[in-house]
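Chemist: Residue numbers (my numbering), protein chains in the order written: chain A, 4 to 421; chain B, 26 to 240.
Note that beta-carbon positions come from the ideal geometry of N, C-alpha and C, so glycine has one too.
I am attaching a structure below and will ask some questions about it afterwards.
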């Protein structure tokens with residue numbers, strides 16, 4: 004059964020929803036102080052649950068753990084034919100809490116609350132929505148900060164190397180346990196898009212539709228470089244101690260710096276200019292000859308770093324960024340076309356003009372490879388200035404696209420697979 | 026009424042000549058082989074693709090520049106790609122498609138020859154449909170009014186119109202000859218876009234459809 008951990012309260016969310024400084028007004032649907040969780044199109048108060056797989060689980064690396072736990076949430080109800088499930092996949096720093104509220108006093112709802120709910124683009128009156136924290140994560144699922152039963156201590160860097168495929172395989176076991184016969188759809192942005200893509204590849208008979216947003220079939224050198232700087236910030240912090248640190252300690256400075264830098268890559272030049280410009284903090288006064296935060300963007304990033312260390316485990320950050328860097332189905336299967344060959348799902352790929360981390364071109368490449376493989380695939384591109392995090396955008400156009408794709412009638416086209 | 030190119034992007038809106046649109050689709054539908062792989066350049070909201078999927082069970086993919094139109098295709102169950110049509114075709118191997126359709130799009134292209142030749146690389150058949158600006162009513166319109174053609178289809182003055190590169194049947198025939206493109210079939214229709222036109226099509230036909238193949 005699910006337990007909501009005492010520390011910190013689950014205000015965990017993907018990057019932009021988290022801080023009132025920058026994108027909250029773009030992303031949150033309600034801002035008034037009346038009970039927002041009672042809004043008609045909101046899933047309301049939700050509770051996380053834990054699924055425990057009792058048997059051994061073999062990672063792609065060949066390493067084995069004796070069972071694992073995934074923390075997850077569900078909204079809506081599974082239908083009689085057990086085929087109306089929609090799996091939502093989170094990004095690097097996201098988690099299982101993608102819609103609704105954990106308590107009436109929560110400051111924020113789940114990270115994709117604007118998209119998911121009764122009557123929303125992902126309509127919980129129609130679909131059984133499932134979202135799980137990934138294997139290797141730190142929000143309740145088994146990962147490097149979990150206790151290794153063999154030693155009684157946290158796994159740390161003795162945790163098996165995690166790949167996106169391991170995350171997918173673990174979530175498939177969860178869906179089996181929930182009685183899901185077929186996924187109506189799997190969707191996600193960024194790493195969530197990779198997860199969705201691999202679901203369609205690895206479980207073709209199980210996955211009917213996939214939505215890949217702001218994602219890539221393999222990271223560019225630049226994206227790997229940013230992840231590496233983040234990892235180095237953590238690993239060069241003496242408190243990292245080769246991954247062996249107490250639960251309430253660890254490389255907090257390194258993790259905060261990693262987060263600050265990564266956060267810049269989730270935004271865009273124009274977006275930051277619009278939100279912050281060169282505005283200074285009120286306390287900064289006129290000329291200030293110190294290194295205290297003077298500009299609003301500085302205090303915003305510091306806040307991002309500080310709030311991140313209270314909710315995220317540094318080793319999980321290493322593991323998950325590594326999994327993202329390694330993701331390369333073209334290499335794993337010979338070519339992207341060969342990787343996509345078994346897919347039976349209809350696909351929708353969405354790119355965002357200002358996303359320079361996983362730019363439109365890389366999203367186009369996914370759609371084009373799907374089409375070259377003879378699959379049914381669409382590509383749409385939204386003009387935004389919110390950068391990589393645009394997939395969390397509050398946009399009627401985006402909602403209409405996603406709703407249209409999810410709710411369109413099933414097509415039984417001739418299989419033109421080459 | 027005379028038929029000229031639309032001021033709006035192709036098939037973006039159902040403007041007045043609804044039945045003309047249907048005739049266009051029917052002619053193309055007759056040429057399309059059942060269950061073939063079709064690429065629709067400038068697919069708009071997917072009316073033609075939906076018709077071909079329903080009538081000919083084709084596997085259709087559309088390309089359009091506009092998010093809203095691609096989104097409309099997606100909602101009706103079609104595959105559509107938002108982006109540049111030439112860049113799209115360059116991502117495909119030779120003869121990947123059975124047929125490329127370029128219906129009422131060709132007059133808005135930056136590089137019409139480049140698009141048609143690239144289409145002939147990725148498909149064995151290319152269907153091009155266009156309004157004939159050599160149609161006699163269009164000639165009279167310009168001759169007597171002394172202004173850019175305006176009529177029931179072409180409603181806007183020049184300063185509210187999109188850039189267009191109008192062509193005539195004679196222009197298109199010249200182009201095919203010069204590029205050694207084989208014309209497998211042609212359909213010239215009178216001003217009603219319905220009745221076949223067998224005589225002096227450059228003067229008497231309002232609409233033309235060509236089925237092209239590499240020589």
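Could you name the residues of the same chain whose beta carbon sits closer than 7 Å to that of residue 238 of chain B, not counting the 5 residues immediately before and after it, in chain order?
Modeler: Around residue 238 of chain B: 149, 150, 207, 209.
Chemist: On the criterion of 16 or more Cβ atoms from any shown chain inside 10 Å, does residue 112 of chain A qualify as buried, or is it exposed?
Modeler: It is buried - the Cβ of residue 112 of chain A has at least 16 other Cβ atoms within 10 Å.
Chemist: Could you give the DSSP three-state label for residue 122 of chain B: helix, strand or coil?
Modeler: Strand, per DSSP.
Chemist: Identify, in the order they occur along the chain, each residue of the same chain with its Cβ nearer than 7 Å to the Cβ of residue 159 of chain B, setting aside the five sequence neighbours on each side.
Modeler: So the qualifying residues of the chain are 193, 194, 195, 227, 228.
Chemist: Return the residues of the region 208 to 225 of chain B that lie within a Cβ-Cβ distance of less than 7 Å from chain A, sorted by chain order.
Modeler: Those residues of the region 208 to 225 of chain B that come within reach of chain A (Cβ to Cβ, closer than 7 Å) do not exist; the list is empty.
Chemist: Please classify residue 148 of chain A: does DSSP put it in a helix, a strand, or coil?
Modeler: Looking at residue 148 of chain A - three-state DSSP - the assignment turns out to be coil, as it is neither helix nor strand.
Chemist: Under 9 Å between C-beta atoms, does residue 333 of chain A make it to chain B?
Modeler: So no, residue 333 of chain A is outside the interface.
Chemist: Figure out for me which residue from A:338, A:120, A:335 has the closest Cα to the Cα of residue 128 of chain A.
Modeler: Of A:338, A:120, A:335, the residue nearest in Cα terms is A:120.
Chemist: Roughly how many angstroms separate the alpha carbons of residue 120 of chain B and residue 128 of chain B, rounded to a whole number?
Modeler: Straight-line Cα distance between these residues: approximately 20 Å.
Chemist: Rounded to a whole number of angstroms, what is the C-alpha to C-alpha distance between residue 414 of chain A and residue 305 of chain A?
Modeler: Each residue's alpha carbon lies about 49 Å from the other.
Chemist: In the DSSP assignment, what are the bridge partners of residue 216 of chain A?
Modeler: A:192, A:353, per the DSSP bridge assignment.
Chemist: Output, in sequence order along the chain, the residues in the region 382 to 416 of chain A whose CB is closer than 7 Å to any CB in chain B.
Modeler: Going along the region 382 to 416 of chain A in chain order, one finds 382, 383, 384, 385, 400, 403, 404, 407, 408, 411, 412, 414, 416 with a Cβ nearer than 7 Å to chain B.
Chemist: Can you check whether the C-beta of residue 367 of chain A is within less than 9 Å of a C-beta belonging to chain B?
Modeler: Chain B contact via Cβ: present.
Chemist: Give me, in chain order, the residues of the same chain whose beta-carbon lies closer than 7 Å to that of residue 54 of chain B; leave out the 5 immediate sequence neighbours on both sides.
Modeler: 76, 77, 80, 81, listed in sequence order.
Chemist: Using a Cβ-Cβ distance under 9 Å, would residue 220 of chain A count as near chain B?
Modeler: Chain B contact via Cβ: absent.
Chemist: Residues in the same chain with beta-carbon distance under 7 Å from residue 387 of chain A, minus the five sequence neighbours each way, listed in chain order, please.
Modeler: These residues qualify, in order along the chain: 355, 356, 357, 393, 396.
Chemist: Determine whether the beta carbon atoms of residue 350 of chain A and residue 203 of chain A lie at a separation below 9 Å.
Modeler: It is a contact, given that the beta carbons lie within the stated cut-off.
Chemist: For residue 308 of chain A, count the other beta carbons within 10 Å of its own beta carbon; 16 or more makes it buried, fewer makes it exposed. Which is it?
Modeler: Classification of residue 308 of chain A: buried, given that the 10 Å Cβ count is 16 or more.
Chemist: Looking only at its own chain, which residues have a Cβ that is under 7 Å from the Cβ of residue 117 of chain B, when we skip the five neighbours before and after it?
Modeler: Cβ neighbours of residue 117 of chain B beyond the five flanking positions: 147.
Chemist: Please classify residue 87 of chain B: does DSSP put it in a helix, a strand, or coil?
Modeler: Strand at residue 87 of chain B.
Chemist: Nearest-angstrom Cα distance between residue 281 of chain A and residue 311 of chain A?
Modeler: Spanning the two alpha carbons is a distance of roughly 24 Å.
Chemist: Determine, using beta carbons only, whether residue 230 of chain A and residue 327 of chain A come nearer to each other than 9 Å.
Modeler: Yes, these two residues count as a Cβ contact at 9 Å.
Chemist: Quick one: residues in its chain with C-beta nearer than 7 Å to the C-beta of residue 339 of chain A, no 5 flanking neighbours on either side, listed in chain order?
Modeler: Once the five neighbours on either side are set aside, the close Cβ partners of residue 339 of chain A are 220, 332, 333, 372.
Chemist: Between the region 189 to 200 of chain A and the region 158 to 174 of chain A, do three or more beta carbon pairs fall short of 8 Å?
Modeler: Touching, yes, given that three or more Cβ pairs across the two stretches are closer than 8 Å.
Chemist: According to DSSP, simplified to helix, strand and coil, what is residue 94 of chain B?
Modeler: DSSP places residue 94 of chain B in helix when its eight states are reduced to three.
Chemist: Would you say residue 191 of chain B reaches chain A, if we count a Cβ-Cβ gap shorter than 9 Å as a contact?
Modeler: So no, residue 191 of chain B is outside the interface.
Chemist: Quick one: grab the DSSP three-state call for residue 239 of chain B.
Modeler: Residue 239 of chain B falls in the strand class under three-state DSSP.
Chemist: Specify whether the region 86 to 94 of chain B and the region 105 to 113 of chain B touch according to this definition: at least 3 beta carbon pairs, one from each stretch, less than 8 Å apart.
Modeler: Contact holds: three or more Cβ-Cβ distances are below 8 Å.
Chemist: Is residue 186 of chain B closer than 9 Å to residue 173 of chain B when the C-beta atoms are compared?
Modeler: Cβ distance < 9 Å, so residue 173 of chain B and residue 186 of chain B count as in contact.
Chemist: Can the beta-carbon of residue 223 of chain A be found closer than 9 Å to that of residue 193 of chain A?
Modeler: No.
Chemist: Would you decide whether residue 279 of chain B is buried or exposed? Buried here means 16 or more other CB atoms lie within 10 Å of its CB.
Modeler: Given a span of 26 to 240 for chain B in the structure shown, any question on residue 279 of chain B remains unanswerable.
Chemist: What would DSSP say about residue 53 of chain B, mapped onto helix, strand or coil?
Modeler: Of the three classes helix, strand and coil, the one that applies to residue 53 of chain B here is helix, per DSSP.
Chemist: When the cut-off is 9 Å and only beta carbons count, does residue 146 of chain B lie next to chain A?
Modeler: For residue 146 of chain B, the answer is no, since every Cβ of chain A falls outside 9 Å of its Cβ.
Chemist: Cβ of residue 383 of chain A within 9 Å of Cβ of residue 92 of chain B?
Modeler: In this structure, residue 92 of chain B lies closer than 9 Å to residue 383 of chain A by Cβ.
Chemist: What residue range is occupied by the uninterrupted alpha helix (DSSP H) comprising residue 405 of chain A?
Modeler: Its alpha helix (DSSP H) spans residues 399 to 410.
Chemist: Check whether the Cβ atoms of residue 156 of chain B and residue 212 of chain B sit closer than 9 Å, and answer yes or no.
Modeler: Their beta carbons are not under 9 Å apart, which means residue 156 of chain B does not touch residue 212 of chain B by this criterion.
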